[in-house]
Amino acid sequence: MNTIRLRGPATSANVGPGYDIFAMALKEPFDEMLLELTNDQRITIGFDGDDQNIPLNVEDNTAGLAILELKKRYKPDLGVKVTITKHMTSGCGLGTTGASASSAIYGLNKLLNLNLTDNELVDLARMGEIASGGSPHADNVAAAMLGGFILIKDYHPIDVLKLRMPEFPVVLAVIKKSQRTTRGFITYEIGQEKLKEQMAHCSRVIHAIHTQDVEEFGRAISVDHIAEPVRSAVIENYKETKAKVIAAGAYGSTVSGGGSSVITICSANMQDEIADIMEHGLKANANFVKIIKTTTSNQGVCEML
Ligand code: HSE
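Sequential numbering from 419 applies to the sequence shown in this note's numbering.
Given below as structure tokens:
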């Protein structure tokens with residue numbers, strides 16, 4: 419087998435209080451990737467359709483950088499042509515860069531029969547994230563690779579745990595961030611009281627998944643003192659809209675990943691109403707793209723047959 423076509427899902431990282439340690443996969447949207455092994459020992463990146471100004475240079479592209487790492491560690495003579503078909507808008511905190519890196523590594527593991535473990539796959543894919551946000555955070559790539567809810571148990575060495583989760587409704591307000599990354603503005607200096615609350619809410623998130631309690635999950639993800647204050651500061655009407663969706667009966671709402679998209683959890687019969695409130699509240703943002711109604715998903719990257 420010399421070619422493989424993959425589907426890499428959107429992911430929502432941090433999931434409220436779990437900065438860099440929690441993420442979950444979403445059913446929609448997703449990107450496609452075609453990998454073709456070549457004999458020329460080169461890595462080339464191309465797009466089928468709109469490239470959204472994503473870098474073609476291998477070192478600047480998350481899939482390219484992850485493949486370079488795989489080549490260095492496991493297959494020095496590797497040659498591969500990568501063709502990405504974008505269905506997702508990049509730069510919105512929906513893990514599109516992680517989906518590319520994970521698809522590339524998942525696909526090459528299959529094509530080259532490397533038989534890498536989940537942790538080895540995630541460790542390679544996360545190196546691609548350096549091309550995007552400057553840091554090898556593993557949350558998005560792990561959720562894209564494995565699906566479900568991801569807990570990064572350890573970064574030294576990387577150790578990830580996939581928890582199967584109920585596939586419950588979510589509404590996304592897709593908003594592009596106005597700068598490449600805001601990671602540099604995030605601080606862990608939040609004080610004892612907020613730190614206690616943060617840890618308590620991380621524990622609540624995990625407990626809610628174990629007990630399959632979507633309402634508790636929503637409440638737990640709605641408190642974050644680390645990433646949300648930084649990312650929400652640039653989202654017009656964020657606080658008001660969050661308060662409105664909760665008052666209307668949504669279970670919880672937070673900023674998705676690095677922003678500026680907003681993710682809300684609700685029951686299936688409330689999804690349309692919540693989508694309307696979010697669109698009305700957030701469409702004034704200059705970089706507002708669209709509303710997406712989808713669900714969480716236990717499916718990670720998969721081969722398209
Ligand atoms: N945990 C990462 C961050 C995810 O918040 O920067 C980026 O999507």
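Idealized CB from N, CA, C, for every residue including glycine.
- DSSP places T501 in the strand class (E or B) of the three-state scheme.
- Under the DSSP assignment, M688 falls outside any beta strand (DSSP E); it carries neither an H nor an E label.
- Distances between the C-beta of Y437 and the heavy atoms of the ligand HSE include at least one below 7 angstroms.
- Distance from the CA of A431 to the CA of M419, rounded to the nearest whole angstrom, comes to 33 angstroms.
- DSSP, reduced to helix, strand and coil, places G464 within a strand of the structure shown.
- In chain order, T503 and K504 place their CB closer than 8 angstroms to the CB of G467, counting only its own chain and leaving out the 5 sequence neighbours on each side.
- F635 and T672 have their C-alpha atoms spaced approximately 12 angstroms apart.
- At least 8 angstroms separates the beta-carbon of V648 from that of A638.
- Residue range G670 to V673 is occupied by the beta strand (DSSP E) that includes G670.
- With a threshold of 16 other beta carbon atoms within 10 Å, Q459 falls short and is exposed.
- Here L542 is actually not in contact with A481; their C-beta atoms are around 11 angstroms apart, not less than 8 angstroms.
- When secondary structure is reduced to three states using DSSP, Y573 falls in the strand class.
- Closest in alpha carbon position to T429, among Q470, Y656, G566 and V707, is G566.
- Counting only runs of 4+ residues, no alpha helix (DSSP H) is found wholly inside the stretch 435 to 491.
- G516: member of the alpha helix (DSSP H) spanning T514 to L529, first to last residue.
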